[in-house]
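Novice: The opening residue of the sequence shown carries number 1 in the UniProt record's numbering; numbering runs sequentially from there.
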Amino acid sequence: MELPRPVRQYDVFLSFRGEDTRKGIVSHLHGAFRRKGIEKIFKDDKTLEIGDSISEEIKEAIHNSKFAVVVISKNYVSSTWCLEELRMIMELHNENLLTAVPVFYNVVPSDVRHQKGTFSLERYGCSRIMLLFSSKKRTMAAKVQKWREALTAVADASGKDLSKW
Numbered sequence: 001m002e003l004p005r006p007v008r009q010y011d012v013f014l015s016f017r018g019e020d021t022r023k024g025i026v027s028h029l030h031g032a033f034r035r036k037g038i039e040k041i042f043k044d045d046k047t048l049e050i051g052d053s054i055s056e057e058i059k060e061a062i063h064n065s066k067f068a069v070v071v072i073s074k075n076y077v078s079s080t081w082c083l084e085e086l087r088m089i090m091e092l093h094n095e096n097l098l099t100a101v102p103v104f105y106n107v108v109p110s111d112v113r114h115q116k117g118t119f120s121l122e123r124y125g126c127s128r129i130m131l132l133f134s135s136k137k138r139t140m141a142a143k144v145q146k147w148r149e150a151l152t153a154v155a156d157a158s159g160k161d162l163s164k165w
């Protein structure tokens, strides 16, 4: 006997890199969802400082969403916050607790899958992160590996390629 799924607080959790997409594609997606009658949308509009960790509010919103729309843009992996959101989203997706829907915005999905070009984690500071947390290198190496796995998994998921949009 299958247990009933819990009632979710949100229909959609929007994951995005604000500087790239907040006033463009994310605003359009948010508006399109509302026009279709989807009202329970979590869209974090806070500006983050470098080094901020993912908040409990975000973690709870991810866990309490039916869908996560991940807008992957050229600077998405420059944010450890975004990478941590993605890791959580893909873990829940793999456990069938939410559905992840990637939107590739002005990026090539295979670059995300293979972490090439702007999606090379080393390019966006994973080496710098490792130095900052040198006393916790093993823990950080494991975290970076989980980010890599999440990037590969989201690139393999069915989504929408808006690289020419």
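Beta carbons: idealized from backbone N, C-alpha and C, even for Gly.
Evaluate residue 172 with the Cβ neighbour count: other Cβ atoms within 10 Å of its Cβ, from every protein chain shown; 16 or more gives buried, anything less gives exposed.
Specialist: No information on residue 172 is available, as it lies outside the stretch 1 to 165 that the chain covers here.
Novice: Secondary structure at S73, three-state DSSP: helix, strand or coil?
Specialist: Note: S73 maps to coil in three-state DSSP.
Novice: Check this for me: beta carbons of V71 and S120, under 8 Å apart or not?
Specialist: Taking 8 Å as the Cβ cut-off, V71 and S120 do not qualify as a contacting pair.
Novice: Is there at least one Cβ from chain B nearer than 8 Å to K143's Cβ?
Specialist: In summary, chain B is missing from the structure at hand, where a single protein chain is found.
Novice: For E84, which residues in the same chain have their Cβ closer than 7 Å to its Cβ, ignoring the five residues on either side in sequence?
Specialist: I54
Novice: Please report the straight-line C-alpha distance between L29 and K36, rounded to a whole angstrom.
Specialist: 11 Å
Novice: Count the other CB atoms, across all protein chains shown, that sit within 10 Å of the CB of A68; report buried if there are 16 or more and exposed otherwise.
Specialist: buried
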